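Q: This is the structure I want to talk about, given as structure tokens.
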Amino acid sequence: MTFSIAVSGKGGTGKTTISALLITLLKHHFDKPILAVDSDPNSTLNEALGVDLTITVGEARETLLKNKDKLGPYQTKEEYFNYLFQSSIMELDGFDLIAMGHSEGSGCYCYVNNLLRKIMDELANRYPLMIVDTEAGLEHFSRRTTQDIDILLVVTDPTTKGALTAKRIKEIISSLKINIRQVFLVINRVTSKSLDKIEELEKISGLKCIAVIPEDPLIKEYDLSGLSLDKLPEKSPALKAIKDIIEKLNLIPTITGEIKS
Amino acid sequence: MCEFRVFLKKKDGEEIVSDDIIYAKVNGSSIVLRGILGNEVTVDKASILEVDVSAERLILTPS
Chain A
101 MTFSIAVSGK
111 GGTGKTTISA
121 LLITLLKHHF
131 DKPILAVDSD
141 PNSTLNEALG
151 VDLTITVGEA
161 RETLLKNKDK
171 LGPYQTKEEY
181 FNYLFQSSIM
191 ELDGFDLIAM
201 GHSEGSGCYC
211 YVNNLLRKIM
221 DELANRYPLM
231 IVDTEAGLEH
241 FSRRTTQDID
251 ILLVVTDPTT
261 KGALTAKRIK
271 EIISSLKINI
281 RQVFLVINRV
291 TSKSLDKIEE
301 LEKISGLKCI
311 AVIPEDPLIK
321 EYDLSGLSLD
331 KLPEKSPALK
341 AIKDIIEKLN
351 LIPTITGEIK
361 S
Chain B
498 MCEFRVFLKK
508 KDGEEIVSDD
518 IIYAKVNGSS
528 IVLRGILGNE
538 VTVDKASILE
548 VDVSAERLIL
558 TPS
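Protein sequence lines correspond, in order, to chains A and B. The first sequence begins at 101 in my numbering and counts up by one. The second sequence begins at 498 in my numbering and counts up by one.
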């Protein structure tokens, strides 16, 4: 059974950065690659990881719909979709990446959400670990795109708005009875001026804070330059903080233990 | 959230016809259903009884 970690929270709090750093630090610890899922229609996880997207789930669907009447006599729509779907899984160094993307034109993202859920269920047992970078806000919980998760990291910046979003996430998980085993708060981009707010933010959110990640000028620099976060040096404060999360949660032995059992 | 589960009403309940349906059309005495991947299902001798968007249910009845 795949161990799953999802990263959620208010927009702009650093979910994708944290997801990318988790993937970077965990990808070579298991016998098989891990799975990275970008469930944000605005796919940016690949950029944080320094890779180009080949095709998203949304694009695979659009291509199928355009070509469904042009298939030869020996290929069914299901076979063609499976081919496109396999093409949307990028096999990289230590991890595979799948990005939800979005449908063309106007309209909602219900169909791609639906397809991504099915794909994640299908892929569930093929990987030791799945890390999901979710879209901002609450909708992906209501849609149940995010469900059956072992660890949910709710990211906030050191603001009351962010902590209130975290509180709403906690409430929605409870009200929808979504199967999430453990939920933790991660307070990101903390400066010396905001250190004294940590306890208050934790209290507002109603969640246990597992990590306080300092504001890291290297992350900003890499973001501005479009550099991949897997090139971050060891001295990066954010990288060190993510390593601490991995240790605190005892992730590697836990996942390895689950694989063996 | 925009996809229906389609049911056919039976004497003793409802039978699931298809999931993830996003289009339904009356074609004579049949109903043509289409899913999110463009796959089609035709239900003969049926008519649309009820459409419930918030519950994502579309119920057909034999006609």
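Note that CB positions come from ideal geometry on N, CA and C, so glycine has one too. Keep in mind that this is a model prediction, so the values were computed, not measured.
Does any residue of chain A bring its CB to less than 7 Å from the CB of residue 533 of chain B?
A: So yes, residue 533 of chain B belongs to the interface.
Q: By the three-class DSSP mapping on this structure, what secondary structure does residue 212 of chain A have?
A: Of the three classes helix, strand and coil, the one that applies to residue 212 of chain A here is helix, per DSSP.
Q: Please give the ranges of any beta strand (DSSP E) in the region 252–328 of chain A, keeping only runs that are unbroken, at least 3 residues long and fully inside the region.
A: Listed in chain order, they are 280–290 and 308–314.
Q: Give me the chain B residues within the contact set of residue 164 of chain A, using Cβ-Cβ distance strictly less than 9 Å, ordered along the chain.
A: Per Cβ cutoff of 9 Å: 534 and 535.
Q: Can you tell me whether residue 513 of chain B is buried or exposed? The criterion is at least 16 other CB atoms within 10 Å of its CB, across all chains shown.
A: Exposed: under 16 other Cβ atoms inside 10 Å.
Q: In three-state terms, what does DSSP make of residue 338 of chain A?
A: Three-state result, residue 338 of chain A: helix.
Q: Take every Cβ of the region 109–128 of chain A, pair it with every Cβ of the region 177–189 of chain A, and state whether three or more of those distances are shorter than 8 Å.
A: Judged by Cβ distances under 8 Å, the region 109–128 of chain A makes no contact with the region 177–189 of chain A, as fewer than three pairs qualify.
Q: Roughly how many whole angstroms lie between the Cα atoms of residue 133 of chain A and residue 249 of chain A?
A: In a straight line, the C-alpha of residue 133 of chain A is about 19 Å away from that of residue 249 of chain A.
Q: How long is the line joining the alpha carbons of residue 557 of chain B and residue 536 of chain B, rounded to whole angstroms?
A: Approximately 18 Å, taken between the alpha carbons.
Q: Any C-beta of chain B sitting closer than 7 Å to the C-beta of residue 168 of chain A?
A: Answer yes: the Cβ-Cβ gap between residue 168 of chain A and chain B drops below 7 Å somewhere.
Q: Note down, one range per segment and in chain order, each beta strand (DSSP E) of at least 3 residues found wholly within the region 197–250 of chain A.
A: The region 197–250 of chain A contains these whole beta strand (DSSP E) runs: 229–233.
Q: What ranges does the beta strand (DSSP E) occupy inside the region 514–551 of chain B, keeping only unbroken runs of at least 3 residues that lie completely in it?
A: Correct list: 527–532, 537–540 and 543–549.
Q: Where do the ends of the beta strand (DSSP E) carrying residue 157 of chain A lie?
A: Residue 157 of chain A -> not in any beta strand (DSSP E); alpha helix (DSSP H) instead, spanning 157–167.
Q: Quick one: give me the first and last residue of the alpha helix (DSSP H) that residue 117 of chain A is part of.
A: 115–126 is the span of the alpha helix (DSSP H), which, as asked, contains residue 117 of chain A.
Q: In whole angstroms, what separates the C-alpha of residue 276 of chain A from that of residue 505 of chain B?
A: So the alpha carbons of these two residues sit roughly 28 Å apart.
Q: Using a Cβ-Cβ cut-off of less than 8 Å, list which residues of the region 206–222 of chain A approach chain B; keep chain order.
A: Listed in sequence order: 208, 210, 211, 213, 214 and 215.
Q: Which residues in chain A have a C-beta closer than 7 Å to the C-beta of residue 517 of chain B? List them in chain order.
A: Within 7 Å Cβ-Cβ: 214.
Q: State whether the region 260–267 of chain A contacts the region 289–308 of chain A, with contact taken as three or more CB pairs (one from each stretch) at a distance under 8 Å.
A: With a cut-off of 8 Å, the region 289–308 of chain A and the region 260–267 of chain A count as touching, because enough Cβ pairs lie within range.
Q: Once the 5 residues before and after residue 341 of chain A are set aside, which same chain residues still bring their CB inside 8 Å of it?
A: Only 311, 312, 313 and 314 meet the Cβ criterion.
Q: Where does residue 330 of chain A fall in DSSP's three states?
A: Three-state DSSP puts residue 330 of chain A in a helix.
Q: Within a Cβ cutoff of 7 Å, which residues of the same chain sit near residue 129 of chain A, ignoring the five residues on either side of it in sequence?
A: The answer, listed in chain order, is 352.
Q: Taking Cβ positions only, does residue 553 of chain B come closer than 7 Å to chain A?
A: Not closer than 7 Å to any Cβ of chain A, the Cβ of residue 553 of chain B fails to qualify, so no.
Q: Strictly by DSSP, which residues pair up with residue 558 of chain B?
A: Looking at the DSSP assignment, residue 558 of chain B forms a beta bridge with B:544.
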